[in-house]
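Trainee: Next up is a structure, given as structure tokens.
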Amino acid sequence: MSDSLCLGLFPSGNEGEIRVNLNECNTNTNDQHWEITTKLPDDGRCGKDFRKSCPNGQCCSKYGWCGTTKDYCSTGCQKSYGTCK
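Under our numbering, think of the first position of the sequence shown as 9, with each following residue one higher.
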């Protein structure tokens, strides 16, 4: 078993949906893996200018983008359109 993991972002068959895959860095079909699916608003934009909210507890940045890091969730975060920390 490998001690390193690979993270991949893959578009799914559904429009606006991104699939995140965390897996060992090999291609064996028996590898254990985790998938997280999230639905982004149309083009990933949010906030008062776009009148859209972020899904799954994500933050809406002051610039109108959904995300979960400090850049999205701190000063200027639009709490009416997502989570702010």
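We put the CB at the ideal spot given by N, CA and C, even for glycine.
The model shown is predicted, which means the values in this text are computed figures rather than measured ones.
With distances taken Cα to Cα, identify the nearest neighbour of K78 among Y89, K93, S88 and G72.
Mentor: Numbered from 1 along the sequence shown, position 70 holds the residue referred to as residue 78. Minimum Cα distance to K78 is reached at K93.
Trainee: Short check: CB of P54 to CB of T91, under 9 angstroms?
Mentor: Numbered from its first residue, the sequence shown carries residue 54 at position 46. Numbered from its first residue, the sequence shown carries residue 91 at position 83. This sequence places Cys at residue 54; Pro is not what is there. Not a contact, by the Cβ cut-off of 9 angstroms.
Trainee: What's the C-alpha gap between F58 and Q86?
Mentor: One-based indexing of the sequence shown puts residue 58 at position 50. One-based indexing of the sequence shown puts residue 86 at position 78. Answer to the nearest angstrom: the Cα atoms are 12 angstroms apart.
Trainee: Can you tell me the Cα-Cα spacing of S82 and K60, whole angstroms?
Mentor: In the sequence shown, the residue the question calls residue 82 occupies position 74. In the sequence shown, the residue the question calls residue 60 occupies position 52. Spanning the two alpha carbons is a distance of roughly 19 angstroms.
Trainee: First and last residue of the alpha helix (DSSP H) that includes D2?
Mentor: In this structure the chain extends from 9 to 93, so residue 2 is not present and cannot be described.
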